[in-house]
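Shown next, in structure tokens, is the structure this report addresses.
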Amino acid sequence: MRTTLPVIIAFISGLIMVVSFFLNPQTTFLGNTEEEVLQWASIIGGFTLLLGVVSIVRVNSKTVGQRKKGWLFNLATLISIFAMAIPSILPVTSQSNFGSIFYKVFPESWGSLFGTAPGSIYDWLFNYLDSPMMATMFAMLAFYIASAAYRAFRARNAEATLLLLTAVLVMLWRIPMGEAFLRLFGDNIPGYINTYIMNGANAAVQRGIVIGAALGAASMSLRIMLGIERTYMGKG
Amino acid sequence: MTLVEQLQIWLGAFLVLSLFSFLYKDNPFYKFAEHIFAGLSAGYYIGLIWQNVIIQQLIDPMFDQGRWWLVFPGLLGLLMFARFFPKWSWISRISLAFIMGNTAGVFLISQLHGIVLPQTVATMLSLDPRNGFGTVLLALIVVCGVISTLVYFYFSKEHKGILGGTAKVGIWFIMISFGAHFGYTVMARISLLIGQVRFLMFDWGGSIKQLF
Chain A
1 MRTTLPVIIA
11 FISGLIMVVS
21 FFLNPQTTFL
31 GNTEEEVLQW
41 ASIIGGFTLL
51 LGVVSIVRVN
61 SKTVGQRKKG
71 WLFNLATLIS
81 IFAMAIPSIL
91 PVTSQSNFGS
101 IFYKVFPESW
111 GSLFGTAPGS
121 IYDWLFNYLD
131 SPMMATMFAM
141 LAFYIASAAY
151 RAFRARNAEA
161 TLLLLTAVLV
171 MLWRIPMGEA
181 FLRLFGDNIP
191 GYINTYIMNG
201 ANAAVQRGIV
211 IGAALGAASM
221 SLRIMLGIER
231 TYMGKG
Chain B
237 MTLVEQLQIW
247 LGAFLVLSLF
257 SFLYKDNPFY
267 KFAEHIFAGL
277 SAGYYIGLIW
287 QNVIIQQLID
297 PMFDQGRWWL
307 VFPGLLGLLM
317 FARFFPKWSW
327 ISRISLAFIM
337 GNTAGVFLIS
347 QLHGIVLPQT
357 VATMLSLDPR
367 NGFGTVLLAL
377 IVVCGVISTL
387 VYFYFSKEHK
397 GILGGTAKVG
407 IWFIMISFGA
417 HFGYTVMARI
427 SLLIGQVRFL
437 MFDWGGSIKQ
447 LF
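Now the structure itself:
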């Protein structure tokens, strides 16, 4: 029961998608089963993401409740989660579902602050706090990537030299000054980098990796559907 | 500049500088900004899922379109929360199995039909010399690159003889591609850094100038 039922469900839900591809939904018994199943998966998938967020709240609440070391930082996390989440889930108008109950208590002019539309609290927090911090986090990687580049680009052997040469050429090619510098050696050099490195060797390797990964994903999918692969169920 | 705009810029600048302070060493300002960032990102997903999934795909169709049967995926979704109760955690496998099976079914077709076949077809390029030297050279690079990369990642047989030689060519191609990607990534990160430095210099700097 604990493992057989999930295996049967996985097989049926997968089979519907495979069969829908080969049979015309309009002329066969399938109808709009494919869209319906995809919507079901989307709904359950949404709940799984919520599960992750609830788990973060649980872990942080526990640290705050037990006043463990650094609990004030965890409190900051909790406050920011709720500051972003609560306004986003409140109804925007009295016409929306649950809105008629909510706006009996609160004035309807508050509606523009709720939801996720431009002008809402959610949008403000995203644009002025979350987005700049995200950009800063990635920008900081510029410093670490520079030290990583020093280690990776040392020309110790033929392969590392190839990596170094390509990276230097691409970095020069990506900036106007570098491109102007490359043109000193020949007007066609930036064009050659684009054609033979980016659209040639690089595209070929990406294609090879993508084909290999797709074959792996397809075989893993078959294993999951047939119940051979069950590690996603965990123990117990 | 209005007071609200000033507040936005100063708050943003404080958090950006707090995050950059990690470049010196780990400190409470960085930890504070990092925790705020983690919280806001988690809250962002709640808003996104609530509006795009729970409201648009579950509540609205159920109440407005009368699709009452959507209560079942809703219940299956709620079953995921059984994970928090060790005795009943196995129940969440039912929902998980639905997602895994569905994704497997979609992937089985999309990976083979949408990726493997089109990418293989796109690799079968013409080596006709009438197309010009440049085109033939590019086609040769692509064909050799794809085959040698696939051979390099083929681990079912020891890389010896022809297989070993082809895998060696594969490494060279892979190094060129990784170099190109590394160069691209470095430039993208530096571009973001320039953006953040510009924000501090011009937006925040302009705000300071206005205040004093």
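Keeping their order, the protein sequence lines are chains A and B.
Note that our numbering numbers the first sequence so that position 63 is 63, with each residue one more than the last.
Take any residue in the second sequence, note its place counting from 1, add 236, and you have its number in our numbering.
Quick reminder that beta carbons are idealized off the backbone N, C-alpha and C, glycines included.
Residue burial classification, F116 of chain A (beta-carbon count within 10 angstroms, cutoff 16)
Note on identity: in this sequence residue 116 of chain A is Thr, with Phe being the wrong assignment. Result: buried.
Give the secondary structure of P309 of chain B by DSSP, where H, G and I count as helix, E and B as strand, and everything else as coil.
helix
Exposure label - F308 of chain B; buried when at least 16 CB within 10 Å
exposed
Buried or exposed: F438 of chain B, going by 16 or more other Cβ atoms within 10 Å of its Cβ?
exposed
Does the beta-carbon distance from S362 of chain B to A201 of chain A come in below 8 Å?
no
Cβ distance (whole Å) where L90 of chain A is taken to contact F114 of chain A below 8 Å
4 Å
Report the neighbours of S88 of chain A on chain B: residues whose CB is nearer than 9 Å to its CB, in chain order.
G279, Y280, I282, G283, L284, W286 and Q287
For D255 of chain B versus M140 of chain A, is the C-beta spacing smaller than 8 Å?
Looking at the sequence provided, one finds Leu at residue 255 of chain B rather than Asp. In this structure, M140 of chain A lies closer than 8 Å to L255 of chain B by Cβ.
Evaluate Q244 of chain B with the Cβ neighbour count: other Cβ atoms within 10 Å of its Cβ, from every protein chain shown; 16 or more gives buried, anything less gives exposed.
buried
If you measure from the beta carbon of W246 of chain B to each beta carbon in chain A, is any gap under 8 Å?
no
Work out the CA separation of Q66 of chain A and A83 of chain A for me, nearest whole Å.
22 Å
Determine the DSSP secondary structure at F29 of chain A, reduced to helix, strand or coil.
coil
Helix, strand or coil at D364 of chain B [DSSP, three-state]
coil
Please identify the residue among B:F435, B:I410 and B:L399 whose C-alpha is closest to the C-alpha of T161 of chain A.
B:I410
Between the alpha carbons of Q95 of chain A and Y122 of chain A, how many angstroms are there, rounded?
21 Å
Could you compute how far the alpha carbon of A41 of chain A sits from the alpha carbon of V7 of chain A?
16 Å
Locate the alpha helix (DSSP H) running through G381 of chain B, then write down its first and last residues.
F369 to Y388
Taking contact to mean 3 or more Cβ pairs, one atom from each stretch, closer than 8 Å, check whether the stretch 310-319 of chain B and the stretch 47-62 of chain A are in contact.
yes
Does the CB of G212 of chain A have a neighbour CB from chain B at under 8 Å?
yes
Please list, in chain order, the residues of the stretch 393-424 of chain B that have any C-beta partner in chain A closer than 9 Å.
G406, I407, W408, F409, I410, M411, I412, S413, F414, G415, A416, H417, F418, G419, Y420, T421, V422, M423 and A424
With a threshold of 8 Å on Cβ separation, who are the neighbours of I330 of chain B within its own chain once the five nearest residues in sequence on each side are excluded?
L312 and L315
May I ask you to report which of helix, strand or coil DSSP gives H395 of chain B?
coil
Counting only Cβ-Cβ distances shorter than 9 Å, please list the residues of the stretch 58-78 of chain A near chain B, keeping chain order.
R58, N60, G70, L72, F73, N74, L75, A76, T77 and L78
Please state the DSSP three-state secondary structure of F114 of chain A.
coil
Tell me the residue span of the alpha helix (DSSP H) that contains A213 of chain A.
A203 to M225
Identify every run of the alpha helix (DSSP H) within the stretch 36-110 of chain A, keeping only runs that are complete inside it and at least 4 residues long; order them along the chain.
71-89 and 99-105
List the residues of chain B whose Cβ lies closer than 8 Å to the Cβ of P132 of chain A, in chain order.
G248, L251, V252, Q432 and F435
Spatial distance of T231 of chain A from T195 of chain A (CA atoms):
44 Å
DSSP three-state call for L23 of chain A: helix, strand or coil?
coil
Cβ of A278 of chain B within 8 Å of Cβ of I81 of chain A?
yes
Do you know offhand how far Y281 of chain B's Cα is from A375 of chain B's?
44 Å
Quick one: what's got a C-beta closer than 8 Å to E179 of chain A's C-beta in the same chain, skipping five residues either side?
L172, W173 and P190
How close, in whole Å, do the beta carbons of A76 of chain A and G227 of chain A come, if the pair is a contact with beta carbons under 8 Å?
Actually they are not in contact, since the Cβ atoms of A76 of chain A and G227 of chain A sit about 45 Å apart, beyond 8 Å.
What separation, rounded to the nearest whole angstrom, lies between the Cα atoms of W124 of chain A and T166 of chain A?
42 Å
What residue from A:N127, A:S61 and A:I86 has the CA that sits closest to N74 of chain A's CA?
A:S61
Output yes if chain A places a C-beta closer than 8 Å to the C-beta of W326 of chain B; else output no.
yes
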